[in-house]
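Shown next, in the form of structure tokens:
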């Protein structure tokens, strides 16, 4: 069977023609164009990112276009939007990657002279983008892992790992997962896919103790996914006493499943995000700890970088010692523990988003 020769260059040519028909290639708008491609618009995290990007675009005098996948993991829509941005003559693309399948399109964008920045989700490899504005995902996971180990106070840890995916490797997923394990003091393989660590053994965090990892389940970073994953994990072992959730929606779903099983308040549930709703859940005891992020800061930095480049300036440099611009993280909890720096919900609430 003959292989089709229809490929990315043909798609780009078609995108150029289609875009020019619809917009006259933006010949009537002199402002520099920037595209923000988020994973989905159903997650409040990315809604906050979009709002901050729009405010910064208005301030900097750039033309912002926002597009999203249908769900976490939808790479095809992102690929289509990258080709459209190239055709439109945008000066920059900011992307929260849904997977490595978009890398070839991003390389074409850079070859076309477009500044490409990852926001929130580092690309693999990271140098696929010119820069990355993101949380140090490993550090965020490390904080909640150290916290969970300290709270256990030497007790056995029976752990559920609620990840993002189980069919692809994305740094925002693996970085947090491995960071949590490092914080717990559980050996793992940095940079590898999730789930390769020993499933039983001795954790070294806090006072140390025995551990069992019951499950790694994908959640798609969504409430429904978190609930279903938690239900599956509880079916495998009803004695789970520690739950790692890769973000707040997954954690919210996990809490619903724990509550339905009569286990709310009896299981350590740690998450990553830092939304205002999430901080409220920390205050109310639904989440034990939340490693906060600053999505608005990521978006503002990305838009401002494109505006500066378009006018002959230089974008922000990477954080010293890292291959990205670290936008920061902190631990929020209502029950602090010695040796793990944290903020109260009231303190974290001053910078929360959503």
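Numbering (the working numbering), first residue to last: 913 to 1266. For every residue, glycine included, the Cβ atom is placed at its ideal position computed from N, Cα and C.
**Request:** Count the other C-beta atoms from every protein chain shown that fall within 10 angstroms of the C-beta of residue 951, then say buried if there are 16 or more, exposed otherwise.
**Result:** If you number the chain shown from 1, residue 951 lands on position 39. By the 10 Å Cβ count, residue 951 comes out buried.
**Item:** Residue(s) in a DSSP beta bridge with residue 1154
**Value:** On the chain shown, residue 1154 is found 242 positions in, with the first residue counted as 1. When DSSP reads this structure, residue 1154 sits in a beta bridge with 1071 and 1180.
**Prompt:** Taking C-beta to C-beta, are residue 1202 and residue 1141 nearer than 9 Å?
**Reply:** Counted from its first residue, the chain shown places residue 1202 at position 290. Counted from its first residue, the chain shown places residue 1141 at position 229. No, Cβ-Cβ distance for residue 1202 and residue 1141 is not below 9 Å.
**Prompt:** Which value, in whole angstroms, describes the spacing of the CA atoms of residue 983 and residue 1145?
**Reply:** Residue mapping note: residue 983 aligns to position 71 of the chain shown, counting from 1. Residue mapping note: residue 1145 aligns to position 233 of the chain shown, counting from 1. Between residue 983 and residue 1145, the C-alpha separation is close to 23 Å.
**Prompt:** For residue 1147, which three-state DSSP category applies?
**Reply:** For the purposes of this step, residue 1147 is taken as the residue at position 235 of the chain shown. DSSP places residue 1147 in helix when its eight states are reduced to three.
**Local conformation of residue 986 per DSSP, three classes** = Within the chain shown, the letter at position 74 stands for residue 986. Residue state, collapsed to three classes: coil.
**Message:** I'd like the list of long-range same chain contacts for residue 1063, defined as Cβ closer than 8 Å, with 5 residues on each side in sequence excluded.
**Reply:** Along the chain shown, one-based indexing puts residue 1063 at 151. If we look at residue 1063 and ignore the five residues flanking it on each side, its Cβ neighbours are 1118, 1180, 1200, 1247 and 1249.
**Sub-9 Å separation of residue 1253 and residue 1242 beta-carbons** = For the purposes of this step, residue 1253 is taken as residue 341 along the chain shown, with counting starting at 1. For the purposes of this step, residue 1242 is taken as residue 330 along the chain shown, with counting starting at 1. Taking 9 Å as the Cβ cut-off, residue 1253 and residue 1242 qualify as a contacting pair.
**Closest by C-alpha distance to residue 1131, when choosing among 1097, 1073, 980 and 949** = Working through the chain shown from its first residue, we reach residue 1131 at position 219. Nearest C-alpha to residue 1131 among 1097, 1073, 980 and 949: 1073.
**Message:** Using C-beta distances below 8 Å, list every residue in its chain close to residue 1307, excluding the 5 sequence neighbours before and after it, in chain order.
**Reply:** Outside the shown range of the chain (913 to 1266) lies residue 1307, about which nothing can therefore be said.
**Request:** Measure the beta-carbon distance from residue 1176 to residue 1170 and round it to whole angstroms, keeping in mind my assumption that it falls under 8 Å.
**Result:** Position 264 of the chain shown, counted from the start, is the residue given in the question as residue 1176. Position 258 of the chain shown, counted from the start, is the residue given in the question as residue 1170. In this structure residue 1176 touches residue 1170 by the C-beta definition: roughly 5 Å separates them, less than 8 Å.
**Integer Cβ distance of residue 1096 from residue 1066, believed to fall under 8 Å** = For this step, residue 1096 is matched to residue 184 along the chain shown. For this step, residue 1066 is matched to residue 154 along the chain shown. 13 Å between Cβ atoms; not a contact.
**Prompt:** Excluding the five sequence neighbours on either side, which residues of its own chain have a C-beta within less than 8 Å of the C-beta of residue 1105, listed in chain order?
**Reply:** Position 193 of the chain shown, counted from the start, is the residue given in the question as residue 1105. Once the five neighbours on either side are set aside, the close Cβ partners of residue 1105 are 1081 and 1086.
**Asked** Just checking my contact of residue 1070 with residue 1153 at CB under 8 Å: how many whole Å lie between their CB atoms?
**Response** Taking the first residue of the chain shown as 1, we reach residue 1070 at position 158. Taking the first residue of the chain shown as 1, we reach residue 1153 at position 241. Rounded to whole angstroms, the Cβ separation of residue 1070 and residue 1153 is 5 Å, and the two are in contact under 8 Å.
**Asked** When we look at the beta-carbon of residue 1147 and count the other beta-carbons within 10 Å, is it buried (16 or more) or exposed?
**Response** What you label residue 1147 is simply residue 235 of the chain shown in a count that begins at 1. Its Cβ having fewer than 16 others within 10 Å, residue 1147 is exposed.
**Message:** For residue 1075 and residue 1129, what's the separation of their Cα atoms in angstroms?
**Reply:** Taking the chain shown and counting its residues from 1, one reaches residue 1075 at position 163. Taking the chain shown and counting its residues from 1, one reaches residue 1129 at position 217. Each residue's Cα considered, the two are about 6 Å apart.
**Request:** Sort 948, 1125 and 1003 by Cα distance to residue 1222 and report the nearest one.
**Result:** As a first step, residue 1222 must be located in the chain shown, where it is residue number 310. 1003 is the residue among 948, 1125 and 1003 whose C-alpha sits nearest the C-alpha of residue 1222.
**Message:** Need the endpoints of the alpha helix (DSSP H) that residue 1049 sits in, please.
**Reply:** Counted from its first residue, the chain shown places residue 1049 at position 137. Annotation: the continuous alpha helix (DSSP H) that includes residue 1049 extends over 1049-1064.
**Message:** Taking the alpha carbon of residue 946 as the reference point, which residue from 1235, 1220 and 1124 has its own alpha carbon closest?
**Reply:** Here residue 946 corresponds to residue number 34 of the chain shown, with the count starting at 1. Residue 1220 is the option with its Cα nearest to residue 946.
**Asked** Going by Cα to Cα distance, which pick from 1138, 1133 and 1098 is closest to residue 1121?
**Response** Translated into positions along the chain shown, residue 1121 becomes position 209. Of 1138, 1133 and 1098, the residue nearest in Cα terms is 1098.
**Asked** Are the beta-carbon atoms belonging to residue 1083 and residue 1038 less than 9 Å from one another?
**Response** The count along the chain shown starts at 1 and reaches residue 1083 at position 171. The count along the chain shown starts at 1 and reaches residue 1038 at position 126. Cβ distance < 9 Å, so residue 1083 and residue 1038 count as in contact.
**Request:** Going by DSSP, name the residue or residues bridged to residue 975.
**Result:** Locating residue 975 in the chain shown gives position 63, counting from the first residue. According to DSSP, residue 975 bridges with 945.
**Message:** Applying the 10 Å Cβ sphere with the 16-neighbour rule, what's the burial state of residue 988?
**Reply:** Numbered from 1 along the chain shown, position 76 holds the residue referred to as residue 988. With fewer than 16 Cβ atoms within 10 Å of its Cβ, residue 988 is classed as exposed.
**Prompt:** Should the segment 1233-1241 be regarded as contacting the segment 952-964, the criterion being three or more beta carbon pairs within less than 8 Å?
**Reply:** Touching, no.
**Request:** Compare the Cα-Cα distances from residue 1135 to each of 1157, 974, 1101 and 1109 and report the closest residue.
**Result:** Along the chain shown, one-based indexing puts residue 1135 at 223. Taking only the C-alpha atoms, the option nearest residue 1135 is 1157.
**Request:** Can you give me the start and stop residues for the beta strand (DSSP E) that residue 1246 sits inside?
**Result:** As a working note, residue 1246 is residue 334 in the chain shown. Segment: none, residue 1246 is in no beta strand (DSSP E) and carries neither H nor E.
**Asked** According to DSSP, is residue 1045 helix, strand or coil?
**Response** Taking the chain shown and counting its residues from 1, one reaches residue 1045 at position 133. Strand at residue 1045.
**Asked** What residue from 1185, 1191 and 1139 has the CA that sits closest to residue 1172's CA?
**Response** Translated into the one-based positions of the chain shown, residue 1172 becomes position 260. Nearest Cα to residue 1172 within the set 1185, 1191 and 1139: 1139.
**Asked** Excluding sequence positions up to five away, which residues of its chain have a Cβ less than 6 Å from the Cβ of residue 1212?
**Response** Reading the chain shown from its first residue, position 300 is the one you call residue 1212. Non-local C-beta neighbours of residue 1212 in its own chain, meaning closer than 6 Å and more than five positions away in sequence, comprise 964 and 968, ordered along the chain.
**Request:** Could you pull the start and end residues of the alpha helix (DSSP H) that residue 1257 belongs to?
**Result:** Locating residue 1257 in the chain shown gives position 345, counting from the first residue. Residue range 1257-1261 is occupied by the alpha helix (DSSP H) that includes residue 1257.
**Request:** To the nearest angstrom, report how far apart residue 1182 and residue 1111 are at their CA atoms.
**Result:** Residue 1182 sits at position 270 when you count from the first residue of the chain shown. Residue 1111 sits at position 199 when you count from the first residue of the chain shown. Near 19 Å, if we compare the C-alpha coordinates of residue 1111 and residue 1182.
**Asked** Hey, residue 1214 and residue 1031 are a contact pair by Cβ (cut 8 Å); roughly how many whole angstroms apart?
**Response** Here residue 1214 corresponds to residue number 302 of the chain shown, with the count starting at 1. Here residue 1031 corresponds to residue number 119 of the chain shown, with the count starting at 1. Sure, about 5 Å apart at Cβ, within 8 Å.
**Request:** Flag this pair as yes or no: are the beta carbons of residue 1088 and residue 1191 separated by less than 9 Å?
**Result:** For this step, residue 1088 is matched to residue 176 along the chain shown. For this step, residue 1191 is matched to residue 279 along the chain shown. Taking 9 Å as the Cβ cut-off, residue 1088 and residue 1191 do not qualify as a contacting pair.
**Asked** How would you write the range of the alpha helix (DSSP H) that residue 1206 sits in, first residue to last?
**Response** On the chain shown, position 294 is the one that residue 1206 refers to. Residue 1206 -> no alpha helix (DSSP H), and no H or E assigned at all.
**Request:** Tell me where the alpha helix (DSSP H) around residue 1194 begins and ends.
**Result:** Taking the chain shown and counting its residues from 1, one reaches residue 1194 at position 282. For residue 1194, the enclosing alpha helix (DSSP H) covers residues 1188-1195.
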